[in-house]
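Everything on this sheet refers to the single structure shown next.
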Amino acid sequence: MIVTVAVVQMVATAEVAENLAAAALLLDRAAAQGARLVLLPENFALMGREETDKLAIMEADGEGPIQDWLAAQARRLGLWLVGGSMPLAAGDGRCHAACLVYDEQGKRRARYDKIHLFDVDLGGESYRESRSIAPGKEPVLVATPWGRMGLSICYDLRFPELYRAYGGAELLVVPSAFTQRTGLAHWDVLLRARAIENLAFVLAADQGGQHDNGRQTFGGSQIIDPWGTVLGRLDKGPGVCMAHLDLDFLGQCRAALPALEHRRPYQAI
């Protein structure tokens, strides 16, 4: 079986309407090229000037204009849509960074809340996601027509145990807004590692450019096969990266190198 997929790269602004309009055009482009599954980046609806700006647009779970937009786009284009991340109310004044998955009928199939939060000091750059984002607690695996899909968001990429928890999922998605500095050093190698060690297709949609708050994101959105081969990649700026995923090839890789079956239990030191 072969399925055409796409990852959307954006340079989101501090205006929700502007971002949704830009995303819709990119989704149209992906659908016109035959995409059946499309991934949007982290913070596709808003890259605010302040970290807390997202709290002004957070929605209750199951209702709100951004969620309605995602469902409408999936239904309009007749494709599975993975909504990067958007803010859903957490109940303590913060939000969850939620990745929502919709099928071709516009029905929501899954919600994953970002588990690992980006609280770092990079020497001149500091980030404290936990001030406005409450961490998620559970991995989320969703069944699709093309296999099981494990959900993650950005900083999760540095925690391989999350992907191991997906028990051999065929697809792994990584919507992101990687910084320029960390992206240049680590983005490509981490994505290829997750694909290789899990013998899975990896779809990674990043933000890629200069944002209204002065932040520079890395870009490099890409699609990788289970052998670690990059099937398609973007550099900077908004765009769509397409690839044809050969699910029979995935099975061949796992049969030839059954590393997932060779795992042995052990006690952590």
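Here the sequence shown is numbered in numbering that gives the first Met the number 0, starting from 0 and rising by one per residue. Even for Gly, the Cβ is constructed at its ideal location relative to N, Cα and C. Note that the structure is a prediction, hence the values are computed from the model and not measured.
For this session: Give me the Cβ distance between ALA21 and PRO174, rounded to the nearest whole Å; I'm assuming they're in contact under 8 Å.
Result: Actually they do not touch by this definition, with Cβ atoms about 16 Å apart.
Exercise. Between the Cα of ILE65 and the Cα atoms of LEU87, THR51, ASP52, which residue gives the shortest distance?
Worked result: LEU87
Problem set entry | Outcome for ASP91 when other beta-carbon atoms lying within 10 angstroms are tallied against a minimum of 16 | exposed
For this session: Could you tell me which residues DSSP pairs with VAL239 in its beta bridges?
Result: VAL7
Exercise. Of all the CB atoms in chain C, is at least one closer than 9 Å to the CB of LEU156?
Worked result: The structure shown contains no chain C; it holds only a single protein chain.
For this session: Give me whichever residues DSSP pairs with VAL37 in a beta bridge.
Result: ALA5, LEU80
For this session: Give the DSSP-derived three-state secondary structure of TYR126 in the structure shown.
Result: strand
Problem set entry | Proximity of ALA29 and VAL172 at Cβ, strictly below 9 Å | no
For this session: Assign GLY208 to one of three DSSP states: helix, strand, or coil.
Result: coil
For this session: Look at the Cβ atom of MET85, then the Cβ atom of LEU76, and state whether they are nearer than 9 Å.
Result: no
For this session: Determine the direct distance from the alpha carbon of ARG232 to that of ASN42, and round the result to whole angstroms.
Result: 20 Å
Exercise. Quick one: Cα of PHE158 to Cα of ALA71, how far?
Worked result: 33 Å
Exercise. If you compare alpha carbons, which of THR181, LEU202, ALA184, GLU124 is closest to GLY213?
Worked result: GLU124
For this session: Starting from the C-beta of PRO288, find all residues in its chain whose C-beta is less than 6 Å away, skip the five residues before and the five after it, and write them out in chain order.
Result: A question about residue 288 goes unanswered here, because the residues of the chain that appear run from 0 up to 268.
For this session: Return the residue from the list PHE217, GLU160, PHE248, ASP155 that minimises the CA-CA distance to PHE200.
Result: PHE248
Exercise. Name the DSSP bridge partner or partners of MET46?
Worked result: BP columns for MET46 are empty, so no partner.
Problem set entry | As assigned by DSSP and simplified to three states, the class of THR12 | coil
Problem set entry | Supposed close pair LEU39, GLY83 - CB separation, criterion 8 Å | 4 Å
Problem set entry | Proximal residues to VAL119 (C-beta, below 8 Å), its chain only, five neighbours per side dropped | SER125, TYR126
Problem set entry | First and last residue of the uninterrupted beta strand (DSSP E) at GLY146 | 146 to 150
For this session: Would you kindly report the start and end of the unbroken alpha helix (DSSP H) that includes ALA255?
Result: 246 to 255
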